[in-house]
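**Q**
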Amino acid sequence: MSSLEIAARAAVRTAVALLASLALYACESSSPRFQNIDVTGANYGRDFRLLDPDGNIRTLADFRGKVVMMFFGFTQCPDICPTALARAAEVRRLLGADAGRLQVIFVSVDPERDLPELLRDYTAAFDPAFLGLYASLAETRAVADDFRVFYRKVPTGGSYTMDHTATSYVFDPRGQLRLAVSYQSPAESVAADVRTLLQAPHSTP
Amino acid sequence: MKVKMIAPLFAALVSSAALAQVTVGEPWVRATVPHQKATGAFTRLTAATDARLVEARSPVAAVVEVHEMVMEQEVMKMRAVPGLDLPAGKTVELKPGGYHVMLIDLEEQVKEGGTVPLTLIVEGTDGKRESIDVVAPVRPLNSARATHMPKH
């Protein structure tokens with residue numbers, strides 16, 4: 001290969017890289033603006049493998065075509081978990097006819113106490129369409145780590161409570177992690193972002 | 206003036222509170238589902254003179270603690286506190302996102318529409334303790350926040 005050829009190939013490679021980055025830029029600049037934290041392209045929280053209260057294995061692929069909103073918590077939680085789940089129920093109400101295109105998932109960080117029946121009753125008290133998922137202690141830790149969710153047991157009154165991350169995660173209908181939703185974010189802003197994800201191209205299965 | 210905001214039936218239920226140094230406004234307990242062993246109680250407390258909530262009791266739970274919930278970088282942390290200061294004339298709220306009375310190891314399901322007896326032990330600056338009996342209505346599990354807050 002002559003030095004001229006090498007230089008020509010290098011020039012082509014540079015041009016291709018430039019075009020690719022321009023295309024990416026164009027793509028990004030036309031991507032939707034969200035009211036919640038955009039985590040599109042995150043290298044964490046790509047999937048999960050958990051059990052539903054009937055003992056079936058559930059993964060993200062089961063919910064393709066729907067927006068999935070996922071929250072980690074525990075049923076003995078007096079405060080932040082009911083607030084987050086009540087907000088999720090409100091989001092579904094705000095979506096109206098599109099409510100069926102949002103799957104809300106509650107992942108237990110306390111599988112020792114959150115037995116399947118309790119998990120089912122608990123999520124149903126907010127919305128019968130919500131799904132409670134759980135796993136073994138080791139698998140729960142692995143999934144939480146993968147979602148950068150922190151939790152730990154804290155002893156209290158001969159029993160224990162759980163410290164845990166109160167962020168909800170939202171996946172688009174293609175199963176890509178898109179949003180991190182703060183516990184403080186109002187239902188209206190979450191519903192607006194879910195609508196944006198449902199309306200985006202490729203959102204149909 | 207808190208009592209005015211409470212329905213007459215409810216005022217009757219908390220009549221003992223009106224005699225105390227501390228006014229108990231709009232207490233409520235979050236309902237549970239079967240096998241759920243813990244829940245929270247919420248209210249507003251206004252002391253006539255400086256006081257401190259030092260203990261809470263309830264026949265429905267084996268363990269009752271005053272808890273504080275704090276958020277640190279999106280992580281929810283809940284801790285028992287030894288007491289809760291009730292400065293004279295200032296309304297201290299026990300509400301989702303702040304303080305609550307934690308009912309742990311529930312004897313049975315706390316059902317929506319029912320009531321839960323609570324006893325609040327308050328200590329004055331003179332070290333004298335008094336107990337206030339409260340009957341708190343049970344609100345649905347999905348109650349998001351305390352309702353109809355006064356606007357003043």
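The listed protein sequences derive, respectively, from chains Z and Y.
End of the first sequence sits at 205 in my numbering; the numbers just go up one at a time, nothing left out.
End of the second sequence sits at 357 in my numbering; the numbers just go up one at a time, nothing left out.
Even for Gly, the Cβ is constructed at its ideal location relative to N, Cα and C.
On a predicted model such as this, the values are computed, not experimentally measured, just so you know.
Report the option in L311/Y, V229/Y, Q241/Y, L289/Y whose CA atom is closest to the CA atom of A266/Y.
**A** L311/Y
**Q** Give me the DSSP bridge partner(s) of A293/Y.
**A** A252/Y
**Q** Please state the DSSP three-state secondary structure of G329/Y.
**A** For G329/Y, the three-state secondary structure derived from DSSP is strand.
**Q** Give the range of the alpha helix (DSSP H) segment to which D145/Z is assigned.
**A** 137-146
**Q** In chain order, what residues of the same chain have a beta carbon less than 6 Å from the beta carbon of S150/Z, not counting five sequence neighbours either side?
**A** For clarity, residue 150/Z is Phe in the given sequence; the question names Ser instead. Cβ within range, chain order: T165.
**Q** Taking Cβ positions only, does V268/Y come closer than 9 Å to chain Z?
**A** yes
**Q** Please confirm whether A285/Y has its beta-carbon closer than 9 Å to some beta-carbon of chain Z.
**A** yes
**Q** With a cut-off of 8 Å on the beta carbons, I'd call H305/Y and P78/Z a contact; round off their distance for me.
**A** 6 Å
**Q** When you compare only the Cα positions, how much space is there between R33/Z and P345/Y?
**A** 36 Å
**Q** What three-state label does DSSP hand Y304/Y in the structure shown?
**A** In this structure, Y304/Y counts as strand in the three-state DSSP scheme.
**Q** Nearest chain Y C-beta to F106/Z closer than 9 Å, yes or no?
**A** F106/Z has a beta carbon lying at 9 Å or more from every beta carbon in chain Y.
**Q** Residues of chain Y with CB closer than 8 Å to the CB of E139/Z, please, in chain order.
**A** Simply none; closest approach about 21 Å.
**Q** So L51/Z and L133/Z are supposed to be a Cβ contact under 8 Å. How far apart are they, rounded?
**A** 6 Å
**Q** For the putative contact between A256/Y and Q226/Y, defined by C-beta atoms under 8 Å, what is the C-beta separation to the nearest angstrom?
**A** 6 Å
**Q** Among residues of its own chain, excluding the 5 on either side of L22/Z, which ones have a beta-carbon nearer than 6 Å to its beta-carbon?
**A** Low local confidence applies: a pLDDT of 48 at L22/Z is under 50, so the model's placement there is unreliable, with the coordinate-based value given in what follows. For L22/Z, where only same-chain residues beyond five positions count, there are no Cβ hits under 6 Å.
**Q** When burial is assigned at 16 or more other CB atoms within 10 Å of the CB, is V286/Y buried or exposed?
**A** exposed
**Q** V238/Y versus chain Z: which residues are under 7 Å apart at the beta carbon?
**A** L118, D121, Y122, A125
**Q** My output table needs one value for P287/Y: the three-state DSSP class, helix, strand or coil.
**A** In this structure, P287/Y counts as coil in the three-state DSSP scheme.
**Q** Whole angstroms is fine: what's the gap from F48/Z's alpha carbon to D62/Z's?
**A** 11 Å
**Q** Grab me the residues of V39/Z's own chain with a C-beta within less than 7 Å of its C-beta, minus the 5 sequence neighbours each way, in chain order.
**A** L177, R178, L179, A180
**Q** Consider the Cβ of I80/Z: report whether some Cβ of chain Y lies at a distance smaller than 9 Å.
**A** yes
**Q** Give the C-beta separation of A243/Y and L308/Y to the nearest angstrom, bearing in mind that I take them to be a contact with Cβ-Cβ under 8 Å.
**A** 6 Å
**Q** Leaving out five residues before and five after R152/Z in sequence, what residues of the same chain have Cβ atoms less than 6 Å from its Cβ?
**A** D163
**Q** On a CA-only basis, which of Y44/Z, R64/Z, S108/Z is nearest F71/Z? Give me that one, please.
**A** S108/Z
**Q** Do the segment 93-105 of chain Z and the segment 189-196 of chain Z make contact, defined as three or more Cβ pairs closer than 8 Å?
**A** Judged by Cβ distances under 8 Å, the segment 93-105 of chain Z makes contact with the segment 189-196 of chain Z, as three or more pairs qualify.
**Q** G96/Z bridges to which residues according to DSSP?
**A** Partner(s): none; G96/Z has no beta bridge.
**Q** Would DSSP call P116/Z helix, strand or coil?
**A** helix
**Q** Which same chain residues, not among the five before or five after Q103/Z, have their C-beta less than 6 Å away from its C-beta?
**A** F63, K66, V68
**Q** For a quick check, are the C-beta atoms of A187/Z and F126/Z less than 9 Å apart?
**A** No, the pair does not count as a contact, with Cβ atoms beyond the cut-off.
**Q** Helix, strand or coil for E317/Y per DSSP?
**A** coil
**Q** My guess is that V343/Y and A236/Y are in contact by the Cβ rule of under 8 Å, so how many angstroms apart are they, rounded?
**A** 5 Å
**Q** Beta-carbon within less than 6 Å of V143/Z's beta-carbon, same chain only, minus the 5 sequence neighbours each way: which residues are those?
**A** F48
**Q** Which of the three DSSP states is assigned to E188/Z in this structure?
**A** Look at E188/Z here: in three-state DSSP terms it is helix.
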